[in-house]
Amino acid sequence: MILGVVALTIPLLVGLSPQCGSFLAVAQPYATVDGQVRAGAVRILDGPLITQDDPEPGDMFGSALATGDFDGDGCADLAIGASEEDAGPGGRDGHGVVEILYGLTSRKTVILPGKGADRFGAALAAGDLDGDGDDELAIGAPGGGSVYVHGQGSKLRRIKNTGGAVTDQFGEALATGDFDGDGDDELAIGAPGANLIRQGEGTVTVVAKNGRRLLYSQETYGIDGLSESWDAFGASLVTGDFDADGHDDLAIGVPGEGLTALQRAGDYGEGAVDVVYGSPGGLRPATAEAWTQNSLAGDAVMYDRFGTSLAAGDLNGDGDDELVVGVPGENAVQVLAGTRTGGLTKNHNLLIPGPKGAEFGAAVAVHGGDLLVGAPTRGEVFRYRGAVKKGSYPGVGKKGAKIAEGDGFFGFGLG
13 MILGVVALTI
23 PLLVGLSPQC
33 GSFLAVAQPY
43 ATVDGQVRAG
53 AVRILDGPLI
63 TQDDPEPGDM
73 FGSALATGDF
83 DGDGCADLAI
93 GASEEDAGPG
103 GRDGHGVVEI
113 LYGLTSRKTV
123 ILPGKGADRF
133 GAALAAGDLD
143 GDGDDELAIG
153 APGGGSVYVH
163 GQGSKLRRIK
173 NTGGAVTDQF
183 GEALATGDFD
193 GDGDDELAIG
203 APGANLIRQG
213 EGTVTVVAKN
223 GRRLLYSQET
233 YGIDGLSESW
243 DAFGASLVTG
253 DFDADGHDDL
263 AIGVPGEGLT
273 ALQRAGDYGE
283 GAVDVVYGSP
293 GGLRPATAEA
303 WTQNSLAGDA
313 VMYDRFGTSL
323 AAGDLNGDGD
333 DELVVGVPGE
343 NAVQVLAGTR
353 TGGLTKNHNL
363 LIPGPKGAEF
373 GAAVAVHGGD
383 LLVGAPTRGE
393 VFRYRGAVKK
403 GSYPGVGKKG
413 AKIAEGDGFF
423 GFGLG
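According to the numbering used here, the residues represented by the sequence shown are 13 to 427, in order.
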């Protein structure tokens, strides 16, 4: 187990050939670097260890990760958020900064002007938002109520939370997907603290290439559930094609959703996930689904936080995506199979238990057809191998293997 990270590992990036294949990045944002507590680091499995050039206490380098092709060279690039980076003399902690590693060989720092506590880099997502063939990087700054897009011109493009408050946490979660099949990605922005009719019920805003916005919440017709205080609708987001119709679908985590009649204000609920399917006209909330452990394997228990993390990918090799749901309060992960005849199904849904007290499921990812699960309080990452089995099967089983471990909340994020 790594007990500290040394910044001298940075020069290992120099001289490497561009990373044109896939790679797995694991965040450890609480890692001690050169004696700086919680400066943070990111480890590339079977590759270099990445830190900042000037690590400082509490920067939380690795607060968010995203991969994409940001320069259009066909090679994978990695974006890393350090949401708690200070803004320099006279500035505030938690201003934030983002670093982009192009092909893991060169790096660029993306800086937000100003000195406020914006938490720039708290969330990241990559997608082709303007149809130019390379990916743009969406950067959440929930402390400032904004999302910024890097890669469209020389300046950051700001998407501001209109009519809301800073406490909405607009930009706390991000995802991109082509919901209408027009070839351009839309941007989904979670604001889990937003207030419509209840405190902290949460909303999701979808922004199209032309700037058009659509707002979704549990008050939207077709989206199941009732808005309740502290539901945190939009705390996590992921896109995938669960019905293989060529249009991306959007899964929305609602980890604070209460399923018991006597839930007290402020209690963190059992959790839920709402899924809205794409179509030629975009997302169709009228046919949305709500998933909880009331209808799946396992028992819905308060503080399970079902939906804290989400991932999507084809685990069983049949051409449609499966949905992976992190349940860290239960130290478990739930897998739902996608189908071409209606999308997600509860048939053969799988609950994978992890080690106790590990926050197993706090981070999930699908990588190379396998399921990866982070257990950050124990500093461990597990792999569950996918297998070809067409139909309504999850593609993975309950038996996995620990593939890496470290300190500093290792496994907090996977990219």
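Ideal Cβ positions, reconstructed from N, Cα and C, are used throughout, including at glycine. Computed from a predicted model, the values in this text were never measured in an experiment.
Residue environment, LEU238, which counts as buried when at least 16 other CB atoms sit within 10 Å
The residue is exposed, with fewer than 16 neighbouring Cβ atoms inside 10 Å.
Through-space distance from LEU383 to ALA78, alpha-carbon basis: ALA78 and LEU383 have their C-alpha atoms roughly 17 Å apart.
Q | Element boundaries [beta strand (DSSP E), containing VAL219] | A | Per DSSP, the unbroken beta strand (DSSP E) holding VAL219 starts and ends at 215-219.
Check your understanding: DSSP three-state call for THR121: helix, strand or coil?
Key -> Of the three classes helix, strand and coil, the one that applies to THR121 here is strand, per DSSP.
For GLU184 and VAL178, I'd like the C-alpha separation in whole angstroms. Distance from the CA atom of GLU184 to the CA atom of VAL178, rounded to whole angstroms, is 11 Å.
Worksheet item: Does the beta-carbon of SER158 have 16 or more other beta-carbons within 10 angstroms, so that it is buried, or is it exposed?
Response: Buried: at least 16 other Cβ atoms inside 10 Å.
_Please report the distance separating the alpha-carbon of VAL18 from that of PRO101._
Unreliable placement is indicated for VAL18, whose pLDDT of 27 sits below 50; no coordinate value is reported for it.
Query raised in the report: Out of THR232, THR217, ASP311 and ALA94, which has the shortest C-alpha to C-alpha gap to ALA247?
Result: The option with the nearest alpha carbon to ALA247 is THR217.
Taking the beta strand (DSSP E) that HIS360 belongs to, which residues open and close that run? 357-365 is the extent of the beta strand (DSSP E) around HIS360.
Fill in: Cβ pair GLU301, ALA284 closer than 8 Å
No, the pair does not count as a contact, with Cβ atoms beyond the cut-off.
Along the beta strand (DSSP E) that carries ARG55, what are the first and last residues, could you check?
-> Counting along the chain, ARG55 sits inside the beta strand (DSSP E) bounded by residues 53-56.
Q. Using the beta-carbon count (16 or more within 10 Å), is SER34 buried or exposed?
A. Its Cβ having fewer than 16 others within 10 Å, SER34 is exposed.
Identify, in the order they occur along the chain, each residue of the same chain with its Cβ nearer than 6 Å to the Cβ of ARG170, setting aside the five sequence neighbours on each side. Around ARG170, the same chain offers SER158 and TYR160 as residues with beta carbons nearer than 6 Å, after the five sequence neighbours per side are excluded.
Short of 8 Å in beta carbon distance, which residues of its chain neighbour ALA298, apart from the five on each side in sequence? Order them along the chain. Answer for ALA298: TYR233 and GLY234, listed in chain order.
- With 16 as the cutoff for other CB atoms within 10 Å, does GLN164 come out buried or exposed? GLN164 is exposed by the Cβ-count criterion.
* Asked: What residue ranges within the stretch 89-151 form continuous beta strand (DSSP E) runs of no fewer than 3 residues, ordered along the chain?
  -> If we require 3 residues or more, the beta strand (DSSP E) runs fully inside the stretch 89-151 come out as 89-94, 109-114, 118-123 and 135-139.
### Message
Could you compute how far the alpha carbon of PHE1 sits from the alpha carbon of ASP66?
### Response
Missing from the structure shown is residue 1; the chain here goes from 13 to 427 and no further.
(Q) Taking its Cβ as the centre, do 16 or more other Cβ atoms sit within 10 Å of PRO267, making it buried, or is it exposed? (A) Flag for PRO267 reads buried.
**Q.** Sequence ranges, alpha helix (DSSP H) only - wholly within the stretch 236-271, length at least 4
**A.** DSSP runs (the alpha helix (DSSP H)) wholly in the stretch 236-271: none.
Measure the C-alpha to C-alpha separation of GLY80 and GLY258 and round it to an integer number of angstroms. Cα to Cα, the separation comes out at about 20 Å.
- Using alpha carbons as the reference points, say which of GLY354, PRO367, VAL378 and SER404 lies closest to ARG390. When C-alpha distances from ARG390 are compared across GLY354, PRO367, VAL378 and SER404, the shortest belongs to PRO367.
Which residues in the same chain as LEU20 place their Cβ atom closer than 8 Å to its Cβ, once the five residues preceding and following it in sequence are excluded?
Low confidence applies here, because LEU20 scores a pLDDT of 27, under 50, leaving its location unreliable and the question unanswered by this model.
*Could you tell me which of GLY106, ALA37, ALA150 and LEU348 sits nearest to GLY115, measuring between CA atoms?*
With distances taken between Cα atoms, GLY115 lies closest to ALA37.
*For LEU425, which of LEU136, ARG119 and ASP46 has the nearest alpha-carbon?*
The sequence given here places Gly at residue 425; Leu does not occur at that position. The shortest Cα separation from GLY425 among LEU136, ARG119 and ASP46 belongs to LEU136.
Original post:
In or out: TYR315 buried (at least 16 other Cβ within 10 Å) or exposed?
Top reply: Classification of TYR315: exposed, given that the 10 Å Cβ count is below 16.
message = DSSP three-state label for GLY74, please.
response = The three-state secondary structure of GLY74, taken from DSSP, is strand.
Just to confirm my understanding: we take LEU348, look at its own chain, exclude 5 residues before and 5 after, and list those with CB closer than 6 Å. What are they? Closer than 6 Å at the Cβ level, and outside the excluded window around LEU348, lie LEU335, LEU356 and ASN361.
message = Rounding to the nearest angstrom, what Cα-Cα distance links ALA263 and ASP192 in this structure?
response = Each residue's CA atom was taken as its position, placing ALA263 and ASP192 some 15 Å apart.
Determine the closest residue to ASP58 out of GLY423, VAL378, ALA416 and PHE421, with distance taken between C-alpha atoms.
For ASP58, the closest C-alpha among the options GLY423, VAL378, ALA416 and PHE421 is that of ALA416.
Separation of ARG131 from THR215, as counted between CA atoms: So the two alpha carbons sit approximately 19 Å from each other.
- Task: Quick one: using the 10 Å Cβ neighbour count with 16 as the cut-off for buried, is GLY265 buried or exposed?
- Result: It is buried - the Cβ of GLY265 has at least 16 other Cβ atoms within 10 Å.
Alpha carbon of ASP255 to alpha carbon of VAL408, nearest angstrom: One C-alpha to the other measures close to 19 Å.
* **Chain-order list of residues whose beta-carbon lies under 7 Å from that of GLY294 (same chain, five-residue window excluded)** => So the qualifying residues of the chain are PHE191 and ASP192.
Collapsed DSSP secondary structure at GLY465 in the structure displayed: Nothing can be reported for residue 465, as the shown portion of the chain is limited to 13 through 427.
Next item on the list: Please find out if some non-hydrogen atom of the ligand SAH comes closer than 7 Å to the beta-carbon of ASP255.
Entry: Absence of the ligand SAH from the depicted structure is noted, as is the absence of any ligand whatsoever, leaving it without description.
Given a cut-off of 8 Å on the beta-carbon distance, is the pair GLU96 and GLY108 in contact? Taking 8 Å as the Cβ cut-off, GLU96 and GLY108 qualify as a contacting pair.
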